[in-house]
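See structure below.
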Ligand SMILES: NC(=O)c1ccc[n+]([C@@H]2O[C@H](COP(=O)([O-])OP(=O)(O)OC[C@H]3O[C@@H](n4cnc5c(N)ncnc54)[C@H](O)[C@@H]3O)[C@@H](O)[C@H]2O)c1
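Numbering (the numbering used here), first residue to last: 367 to 708.
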C-alpha cells in the first residue's frame, strides 16, 4: 500500500484525492491546505483522512511514501524539494516549476535519492492523446507537416502566470509526447488587456529542424470555448476536438500529391487526395485515474514515469523561452531541449 499526502485542496487537489482514493493499492492519509474550510470539506467527504494546515506534518510523517502537490505554480519548487528531501516520491502539478533552473534542481534531487518525480501533464493520460501518440509512432500519418492548436475560453484570468503558462502548458506537453522530434526554437507574441496583469492572449510558434511547424493560440478573452488540435501529415491528418462528447478524434485520409518537375513551378501540379474519415474508439478511463495508477506503478516497480521530471523540464523551457520572446515582440529564442539536466 502506498500512502499519499496531498498538499493543496483548492480547485484541482480534490480531483487528485478522489482518484487516489479509488486506486486499490494507494490511499490518501493526509491532506494539507491553508484554508480550514477546504479541509473541512475533505474531512466530510473522506472521514478517515487526517487534515492539517501545516504541510510539514506531511513531510515529517514517516508513514507517508508519496506527496502530490496541487498548489500555485510559484510554490511547486519549494514544496517538491522539501518532499524529496524528506524522502517522498513526488507528483507535482503542471507546470512543474516557475523556471527551468528549478526543474533541473528537482530532477537532480530525485535522481540522487532514487525517488519518482512525476509531473501532472494530465492530457498525456487521456485516451485521445495516447491514440494520437500511437498513430504517429506507427507512422500512420506519414511525415508530420504541422501541429496546430487552439485553446481559448473566457477566463479564468490568473494573476501569477500569463496565459501561456496556464493554457499552452497543456498543448506543449501533448506536443512533446506525440511528436517524434523536439523544437529547436520558439517565437511568441501576446498582450495583456488588463493593466498590470500578465498577457491574456498569445500566439506561439515552435520551429523544428525539419519543415514541421507547430502553432498554439491561447486566450482567456474568447467568447466561446475552443479546444481543437490539427495534426497534418503527408499520409493522413488528425482533428482532435476535446469538446466533442464521443468522437474526439477524427482521422482524415486526405492530402496532396505533387506531380511534375520541381525545376519549374509552372510545371508542378498539385493534386488533392480525399479518402475516408474515421473516428477511432478511445479508452474513456478518466485521465487522472490512468495517471494515478501509473504513478503508483512507478513507485512500486521503480520505473520512470512517462511524464517524468525531464518531460516537465522540456515544457518549462519552452514556456520560459516563449515568455522571453513575447517581451521582445516575437524574437526567435533558441531552445536547448536535448541538454541533460543532472
Ligand atoms: N492538471 C490540470 O489539468 C490542472 C487543472 C487545474 C489546475 N492545475 C494546477 O493545479 C495547481 C493548483 O491550481 P488550483 O486551480 O487548484 O489552485 P487553487 O488556488 O484553487 O488551489 C490551491 C490551494 O493550495 C493551497 N496552498 C497553497 N500553498 C500551500 C501550502 N504551502 N500548504 C498547504 N496548502 C497550500 C491554497 O490554500 C489553495 O487552496 C496549479 O499548479 C495548477 O496549474 C492543473
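The beta carbon of each residue, even a glycine, is placed where N, CA and C say it ideally should be.
Computed from a predicted structure; not experimentally measured.
Distance cut-off 7 Å: residue i Cβ against heavy atoms of ligand 1
{"i": "residue 400", "result": "yes"}
{"i": "residue 644", "result": "no"}
{"i": "residue 564", "result": "no"}
{"i": "residue 550", "result": "no"}
{"i": "residue 537", "result": "no"}
{"i": "residue 457", "result": "no"}
{"i": "residue 494", "result": "no"}
{"i": "residue 488", "result": "yes"}
{"i": "residue 651", "result": "no"}
{"i": "residue 438", "result": "yes"}
{"i": "residue 656", "result": "no"}
{"i": "residue 379", "result": "yes"}
Pair within 8 Å by beta-carbon distance, residue i and residue j
{"i": "residue 494", "j": "residue 615", "result": "yes"}
{"i": "residue 528", "j": "residue 474", "result": "no"}
{"i": "residue 570", "j": "residue 593", "result": "no"}
{"i": "residue 656", "j": "residue 491", "result": "yes"}
{"i": "residue 456", "j": "residue 446", "result": "yes"}
{"i": "residue 620", "j": "residue 634", "result": "no"}
{"i": "residue 590", "j": "residue 568", "result": "no"}
{"i": "residue 586", "j": "residue 523", "result": "yes"}
{"i": "residue 666", "j": "residue 485", "result": "no"}
{"i": "residue 487", "j": "residue 517", "result": "no"}
Per-residue DSSP class, three states only, for residue i
{"i": "residue 634", "result": "coil"}
{"i": "residue 586", "result": "coil"}
{"i": "residue 463", "result": "coil"}
{"i": "residue 578", "result": "coil"}
{"i": "residue 603", "result": "strand"}
{"i": "residue 692", "result": "helix"}
{"i": "residue 420", "result": "coil"}
{"i": "residue 540", "result": "helix"}
{"i": "residue 593", "result": "strand"}
{"i": "residue 553", "result": "strand"}
{"i": "residue 532", "result": "helix"}
{"i": "residue 648", "result": "coil"}
{"i": "residue 639", "result": "strand"}
{"i": "residue 389", "result": "coil"}
{"i": "residue 573", "result": "strand"}
{"i": "residue 512", "result": "strand"}
{"i": "residue 672", "result": "coil"}
{"i": "residue 704", "result": "coil"}
{"i": "residue 415", "result": "coil"}
Residue i Cβ short of 7 Å to ligand 3 heavy atom set
{"i": "residue 373", "result": "With respect to ligand 3, the structure offers nothing, as its ligand set consists of ligand 1."}
Min CB distance residue i to chain D below 8 Å
{"i": "residue 429", "result": "In the structure shown, chain D does not exist; there is a single protein chain."}
Contact belief for residue i with residue j at Cβ below 8 Å, rounded distance in angstroms
{"i": "residue 429", "j": "residue 480", "result": "Actually they do not touch by this definition, with Cβ atoms about 20 Å apart."}
{"i": "residue 371", "j": "residue 398", "result": "7 Å"}
{"i": "residue 597", "j": "residue 507", "result": "7 Å"}
{"i": "residue 679", "j": "residue 550", "result": "The pair is not a contact, with the Cβ atoms about 16 Å apart (cut-off 8 Å)."}
{"i": "residue 654", "j": "residue 382", "result": "7 Å"}
task = Take every Cβ of the stretch 452–471, pair it with every Cβ of the stretch 394–413, and state whether three or more of those distances are shorter than 8 Å.
result = no
key: Stretch-stretch touch, CB-based, cutoff 8 Å, three pairs: the stretch 549–564 with the stretch 497–508   = no
message = Taking contact to mean 3 or more Cβ pairs, one atom from each stretch, closer than 8 Å, check whether the stretch 386–394 and the stretch 679–688 are in contact.
response = no
ask   = When the Cβ atoms of the stretch 508–518 are set against those of the stretch 573–581, are three or more pairs found closer than 8 Å?
value = yes
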